[in-house]
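*Asks:* Residue numbers (the numbering used here), protein chains in the order written: chain A, 10 to 550; chain B, 146 to 530; chain C, 208 to 467.
Cβ atoms here follow ideal geometry from the backbone N, Cα and C, with glycine treated the same way.
Since we're looking at a predicted model, the values are computed, not measured.
Below is the structure I would like to discuss, written out as structure tokens.
Laid out in structure tokens, this is it:
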């Protein structure tokens, strides 16, 4: 935001320079009396002077008005001439506001600053809008038209008509029409015109129109106009509601993809192997910290690679988290197979150790993980705003899911994993080295958690507590979707994500989350084995 | 009937334990009040308060053990019952502040004045009476446990599933109590207490009385647990832990048993929380954190689940260790120790300290009464089969 | 038990006279049909052996009768008009149906005595057990059962320390203590020595004098020792029924057992 504003300022300054260079001196002389008019005392007079300057339609007026609203214009007490002044040694350095030509210096006692109030500022803004309406630069005309639409100043109607007549760009013309409609609504033109204007605004729709229509509906005394406005409002609100719904689904899909990423590794360790790993969240955290380390190295050594940092971090995060997973399995979990509650406690201990290790190593504070350029920014789709990082994470989560499905269904390793989890003694007697399969499967689940960490580092704070925020949600997703069923995890993640975002507007973020938790708790009562439960004797035994 | 039930449990061993707990409960406050600070026998007030806190932890551990050690229900949410009891007491203590708060409002606690509330929410009514608060300390956790358990046990949610949803329960409460508009002080919780039952909460004598109350509550909790375990009811609990469906096929409605013991356990945890708050001087949503509940489980695991002495010993041991560690130079490494404890105890000391000592100490374990013997390979998970 | 059934549902006159009545019972798990239209009638005081290859549906049948699994369709009535499909395990057990599992399951951390004591017919409600005091009659009854199953001198042993065969007997003892009207016994001879097997057969025949017993067994010698009516299950329904000699001569049974 701040960035945008500063960029905008630079743009204005550049524009001002361009103008200064282009304006011939003779022309500036014609402006001189009008510029000096700014020096008259009283805000009303000042406002009039601004109007007079704007009425010339001279592009050179724009930088003068810019200086005025920036508070750079001063009036010389001796001759009431107006200058732009900047502080210099011993007083002020004066320049001609129109040409930028040097006009000597003055002591601070010799000049008075021209003060502006809000009314004047508004007049300046409107005036600058009208000036740029005629600009040969399309971008500037577009911006000016939009500005006019926001202000909706009845005094500008003639100017708008003038601009409309000349405008060749269809988009800008449409905006000008809207601006005209907005201006008419504020004017005292006949009701028929106003109703027509309302129709124009209604056709545009969207949130920015709502304000203007609401004002008309509230202030209008005339029945027909009021009714038309009310009508238009309800129609626009209806459309907006649909868009809101769509936006909520989008947010929900985004949250769902995050849940999916966090839960998908768990779906393997808990769902497929039946190992309850409370240190799962810490695997996600390790992945995020791997991303941090990779980015640090790139920043310090090969900055041009930064856009590739995530791609480099992905395999590394998989390896780091996967390796830690294999170690945990070999050192702790394998002694606890068939004792799920003990596994739960031991892995909780592991999670404490991992958290503290990271805290000791990297410190307790959030670490900065940057977005590569292709992950920043947003684009608009209709009335929807979609940020690139959210979009890529949705895509990424689906890709990871598909890849995992492929590994489990189509590779020898996947076959062995499924064999071992279904019938360990049988698999073992067929020559499958079950301990290795256990360790590798656990490593796979952990490694995927690590990959999730890379993605989550883009939207969450990278701190030692990162993992804790995901563990309960992940379990909820896996349990809700049905243990042992990856498709269940997919559906579970997106269902919970969307449900969460739909509840938020009504219940607030925290209450929404609580409601979802309560819902899952109740759901487990009804279907203790989840949405896509395996049924049968084997499961219940 | 109830007196007979409770007196029946008073065998020699139980009497000794009760005498020791109550003896400490009287001795330490006396040493604090009656001796000169320079005396070698003097117990400083801060030590008394610290030990009082441990005693409430021991009661919490006992309540966790009652459901986990004897019925196979691993609760990762007992901290919620503890905290609810704590909030019940905290609300009473808040009302006792009266107009001595920063804003001097005679009715509204400071945080409500700060939030610009005009009147007391309905659920704060009655907390100016101690008896009412005491009732809520028992009823609030009890009711939550009853409703939760009624749903969970009836639909036969067992094993890790149950553990996970108990964790979700306390997590949901954590989120809820963080909200200012819940009316429980939000993030900051309830604090700045002045009086309890008209006595200055900071005074040494009050501290001594609170310490004794904690010891007495622990003793009573131990006694009740002993009575429950010694009854036929207790035998059914252990049967449920060892072979749940067998118990059903004999004709016991398992969910009823679980519900009773679960609710009882939650109420014990609530009492522990209520005694904890006046000694610590604050209750905030942090007490609902899932990590707290799991920490209570590790006390039980260290001491030895399935024994009644175990959780008390475990809670004291681990918390002594924690205090010693976190007050020294090694403070930063405490989480390594705690984490290591989880791993090592589950791997190498599944019966806990007390359980292991008992098995070693008795040559003929077969003739021991049930509560002193941990079954070979006691895996609470087996109950889930 | 307060289970009431509208008379229309018990249209079958046969159900009224029988102790256990199964008609057209079907159960499927995710498409796999464990039982398909199984019908079976056990008379009061009858002892019945049920045999069948793996996957014939023997255990699922036990699950349906004891309330662990609800049938998709079909009727299950006990003692004429009690609809078992609407009851849970505990209520069915209280009606007087006892079950012994294939794998012996006793309460390992309880003593032999406590195992029998827990199974003893009588108090079942939580608060009743909380305040229950053991009566002289109960002590006598437990001792009597321990005599019957020959574990009286191991009364204070933990069940975990018993041998496999002793656990089987302890479980049968627990069944007796329940004083059931119908016993469902799943492979009682599994893992026993020949001598133990023979003794178990004698014990079951003794029990069958006063109660109805359904025995599921693989061991043909054992079934022959029992000398009772045999039902052969195959793929979830009854293949053949009659004395052991009759069913062994049945060509359908021979085909199933010897392959096609």
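(1) Please determine, among 343/A, 61/A, 494/A and 167/A, the residue with the shortest C-alpha to C-alpha distance to residue 445/A.
(2) Taking 7 Å as the CB-CB cut-off, is residue 31/A touching chain B?
(3) Answer with yes or no whether the minimum CB distance from residue 393/B to chain C is below 7 Å.
(4) Let me make sure I understand the geometry here. Which of 455/B, 289/B and 430/B has the alpha-carbon closest to that of residue 442/B?
(5) Return the residues of the segment 347–380 of chain A that lie within a Cβ-Cβ distance of less than 9 Å from chain B, sorted by chain order.
(6) Along chain A, in chain order, which residues have C-beta atoms closer than 8 Å to that of residue 486/B?
(7) Taking residue 416/A as part of the alpha helix (DSSP H), name the residues at either end of that continuous run.
(8) Quick one: measure Cβ to Cβ for residue 364/C and residue 318/C, integer angstroms, because I've assumed they're closer than 8 Å.
(9) At a CB-CB cut-off below 7 Å, which residues of chain A make contact with residue 491/B?
(10) Between the Cα of residue 491/A and those of 57/A, 518/A, 527/A and 536/A, spot the shortest distance and give me the residue it belongs to.
(11) By Cβ distance, which residues of its chain are closer than 6 Å to residue 163/A, with the 5 residues on each side in sequence left out?
(12) Return the first residue and the last residue of the alpha helix (DSSP H) that residue 243/C is part of.
(13) What did DSSP end up calling residue 464/C once you bin it into helix, strand or coil?
(14) Return no unless some Cβ of chain B is closer than 7 Å to the Cβ of residue 300/C.
(15) Taking CB distances under 7 Å as the criterion, tell me whether residue 212/B reaches chain C.
(16) Quick one, which residues of the segment 304–320 of chain C are near chain B if we go by CB-CB under 8 Å, in chain order?
(17) Mapping DSSP to helix, strand and coil, what is residue 438/A?
(18) Counting C-beta neighbours from all protein chains within 10 Å, is the total for residue 199/B 16 or more, i.e. buried, or is it exposed?
(19) Taking 7 Å as the threshold (C-beta atoms), are residue 276/A and residue 460/A in contact?
(20) Should residue 286/C and residue 395/B be called a contact, given that it needs their Cβ atoms to be closer than 7 Å?
(21) Taking Cβ-Cβ distances shorter than 8 Å, what residues in chain B pair up with residue 297/C?
(22) Can you find the residues in the same chain that come closer than 6 Å, C-beta to C-beta, to residue 396/A, ignoring five residues on each side of it along the sequence?
(23) Express the C-alpha separation of residue 338/A and residue 485/B in angstroms, rounding to a whole number.
(24) First and last residue of the beta strand (DSSP E) that includes residue 280/C?
(25) Closer than 8 Å is the cut-off here; do at least three beta carbon pairs connect the segment 421–430 of chain B with the segment 344–355 of chain C?
(26) Could I get the ranges of all uninterrupted alpha helix (DSSP H) runs contained in the segment 159–216 of chain A, with 4 residues as the minimum, in chain order?
(27) Have a look at residue 365/B and residue 403/A and give me their C-alpha separation to the nearest angstrom.
(28) Could you tell me which residues DSSP puts in a beta bridge with residue 368/A?
(29) Got a sec? Which residues, its chain only, sit under 8 Å from residue 465/B by beta carbon, not counting five neighbours each side?
(30) Tell me which residues of the segment 484–500 of chain A have at least one Cβ-Cβ distance to chain B shorter than 9 Å, keeping chain order.
(31) Let me know the secondary structure DSSP gives residue 549/A once reduced to three states.
(32) For residue 527/A, return the contacting residues in chain B, with the cut-off set at a CB-CB distance below 8 Å.
(33) Run through DSSP, which three-state label would residue 154/B get?
(34) Thinking C-alpha only, which one of 380/A, 247/A and 229/A is nearest residue 211/A?
(35) Give the interface partners of residue 533/A over in chain B, defined as CB-CB distance under 7 Å, in chain order.
(36) What does residue 230/C pair with, by DSSP beta-bridge criteria?
*Replies:* In short, the structure shows the following:
(1) 343/A
(2) The predicted position of residue 31/A is uncertain, since its pLDDT is 45 and thus under 50; a value taken from the coordinates is nonetheless stated next. No, because no Cβ of chain B sits closer than 7 Å to the Cβ of residue 31/A.
(3) yes
(4) 455/B
(5) Those would be 347, 348, 349, 350, 351, 352, 353, 354, 355, 356, 357, 358, 359, 360, 361, 362, 363, 364, 365, 366, 368 and 369, in chain order.
(6) Simply 358.
(7) 397–419
(8) 6 Å
(9) Within 7 Å Cβ-Cβ: 345, 351, 354 and 355.
(10) Of the listed residues, the one whose Cα sits closest to residue 491/A is 536/A.
(11) Residues 192, 195 and 196 of the same chain have their beta carbon placed closer than 6 Å to that of residue 163/A, with the five preceding and five following residues left out of the count.
(12) Note, residue 243/C: premise wrong, no alpha helix (DSSP H); beta strand (DSSP E) at 239–249.
(13) helix
(14) yes
(15) no
(16) 305, 306, 308, 312, 313, 314, 315, 316, 317 and 318
(17) The answer is helix: DSSP assigns residue 438/A an H, G or I state.
(18) buried
(19) no
(20) no
(21) 393, 396, 397, 398 and 399
(22) 387
(23) 15 Å
(24) 280–285
(25) no
(26) Counting whole runs of 4 or more residues, the segment 159–216 of chain A contains the alpha helix (DSSP H) stretches 166–175, 179–195 and 200–213.
(27) 56 Å
(28) According to DSSP, residue 368/A bridges with nothing at all.
(29) 199
(30) 484, 485, 488 and 492
(31) Unreliable placement is indicated for residue 549/A, whose pLDDT of 36 sits below 50; no coordinate value is reported for it.
(32) 317
(33) coil
(34) The candidate whose alpha carbon is nearest that of residue 211/A is 247/A.
(35) 302, 306 and 310
(36) 282/C
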